[in-house]
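Step one of this worksheet: look at the structure below.
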Amino acid sequence: MDITPLIPADRQVIDAYGPGRFRVSNVVYETPIIVFPDRTIPWTVDGFAGLQPDDFAALIAEQPSLEIVLLGTGPTMQLFTSTLRRAVKERGLGGIDAMDTGAACRTYNVLLAEGRRVAAALLPA
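Structure below.
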């Protein structure tokens, strides 16, 4: 019995991730990325420690259509500073769930398969 979830062909599915790279819907990216259900864009950031509120502009522009925003923080889970969390929230992006990048990739795919309005901002593992 095939239990693979049915995901529409026009959706962006994270096929693989590894050190310094991602494969999303058969396209390889070697930079941080933001994955939306309908597109994947490069994310020009300087690593987790260098994140600034403006780095979330592409996600903020999608509000209120996003239900869940995931942040893949790299090979290990890292916590947002309260200052950054507050600044991003003030710009219109309420909740961001931070986790290691592997967990963010897997969670994104599960939520996408459930039909949820999800996006993932991913730093390479």
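Numbering (the numbering used here), first residue to last: 25 to 149. Ideal Cβ positions, reconstructed from N, Cα and C, are used throughout, including at glycine.
Exposed unless 16 or more other CB atoms sit within 10 angstroms - verdict on residue i
i      : result
Ala81  : exposed
Asn133 : buried
Asp26  : Low confidence applies here, because Asp26 scores a pLDDT of 46, under 50, leaving its location unreliable; read the following figure in that light. Exposed.
Thr125 : buried
Other residues of its chain near residue i: CB distance less than 7 Å, five sequence neighbours each side excluded
i      : result
Gly116 : Ile84, Gln87
Own chain residues within Cβ distance below 8 Å of residue i, not counting five before or after
i      : result
Val48  : Gln36, Val37, Ile38, Asp39, Ile57, Val59, Thr64
Met123 : Leu94, Leu95, Gly96, Thr97, Met101, Thr131
Phe72  : Thr97, Gly98, Gln102, Leu147
Asp70  : none
Expected contact under 8 Å - CB spacing of residue i and residue j to nearest Å
i      : j      : result
Leu94  : Ala144 : 4 Å
Ala149 : Gly42  : 7 Å
Best match in the options for proximity to residue i [C-alpha to C-alpha]
i      : options                      : result
Lys113 : Leu136, Asp70, Pro77         : Pro77
Phe46  : Pro66, Gly139, Gly74, Leu136 : Pro66
Same chain, Cβ closer than 6 Å to residue i, five either side skipped, listed in chain order
i     : result
Thr55 : Pro66
In chain order, which continuous runs of the alpha helix (DSSP H) of length 4 or greater are located wholly inside the region 59 to 130?
81 to 84, 106 to 114
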